[in-house]
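Enquirer:
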Amino acid sequence: QAWLNEKFAPELLESKPEIIECVVEQLDHMEANLKRAKRGDLKVSVHRMEIERIRYVLSSYLRCRLVKIEKFFPHVLEKEKSRAEGEPSILSPEEFAFAKEYMANTETYLKNVALKHMPPNLQKVSLLKS
Numbered sequence: 001q002a003w004l005n006e007k008f009a010p011e012l013l014e015s016k017p018e019i020i021e022c023v024v025e026q027l028d029h030m031e032a033n034l035k036r037a038k039r040g041d042l043k044v045s046v047h048r049m050e051i052e053r054i055r056y057v058l059s060s061y062l063r064c065r066l067v068k069i070e071k072f073f074p075h076v077l078e079k080e081k082s083r084a085e086g087e088p089s090i091l092s093p094e095e096f097a098f099a100k101e102y103m104a105n106t107e108t109y110l111k112n113v114a115l116k117h118m119p120p121n122l123q124k125v126s127l128l129k130s
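Residue 31 in full-length UniProt numbering sits at position 31 of the sequence shown, with consecutive numbering throughout.
1. Over what stretch of residues does the alpha helix (DSSP H) that includes ALA114 continue unbroken?
2. Since GLN26 is in the alpha helix (DSSP H), which residue starts that stretch and which ends it?
3. When we look at the beta-carbon of PHE73 and count the other beta-carbons within 10 Å, is it buried (16 or more) or exposed?
4. Find the nearest neighbour of GLU11 within the set ALA84, LYS111, GLU18, LEU91, judged by alpha-carbon distance.
5. In the DSSP assignment, the alpha helix (DSSP H) including PHE8 goes from what residue to what residue?
6. Considering only residues of the same chain and omitting the five flanking positions on each side of LYS7, which have a CB-CB separation below 8 Å?
7. Go ahead and label ALA114 buried or exposed: buried means 16 or more other beta carbons lie within 10 angstroms of its beta carbon, across all protein chains shown.
8. DSSP on SER89, reduced to helix/strand/coil?
9. Which of the three DSSP states, helix, strand or coil, is assigned to LEU12?
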């Protein structure tokens with residue numbers, strides 16, 4: 001459900017790290033169970049296919065979030081910075097680090113490619129409002 005919500009929402013939704021962690025643990029357990037099963041069994045093939053399906057959904061969910069972070073990183077970082085103390089974060093710690101690094105890399109790229117060729121009074125860039 002979280003995957004579909006994230007996929008079809010126009011903006012970044014609240015992070016679900018507990019769901020991601022649970023799914024990854026379940027995948028690990030399923031793979032461990034498959035290692036103990038017989039090789040030629042039909043159940044093994046079905047379980048392996050189910051593992052791949054779950055892995056696809058998880059990857060798609062994470063990719064969708066990263067695409068939205070890359071697309072709207074100034075807004076996402078501004079929203080994260082201005083959120084109240086008890087309010088839940090829309091970014092996981094890893095996503096927050098990614099967004100900050102992405103912003104820094106984008107600023108560096110803009111400075112190296114375009115801003116150094118502009119007049120000195122226009123060489124300042126700030127991707128965040130404040």
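Even for Gly, the Cβ is constructed at its ideal location relative to N, Cα and C.
Expert: Walking through what the data contain:
1. Note, ALA114: premise wrong, no alpha helix (DSSP H); not H, not E.
2. It spans 17-36 - the alpha helix (DSSP H) in which GLN26 sits, taken as one unbroken run.
3. Looking at its Cβ environment, which holds 16 or more other Cβ atoms inside 10 Å, PHE73 is buried.
4. Across the set ALA84, LYS111, GLU18, LEU91, the C-alpha of LEU91 shows the shortest separation from the C-alpha of GLU11.
5. For PHE8, the enclosing alpha helix (DSSP H) covers residues 2-8.
6. Once the five neighbours on either side are set aside, the close Cβ partners of LYS7 are SER60, TYR61, CYS64.
7. ALA114 is exposed by the Cβ-count criterion.
8. Reduced to three states, the DSSP call for SER89 is coil.
9. Secondary structure of LEU12 (DSSP, three-state): coil.
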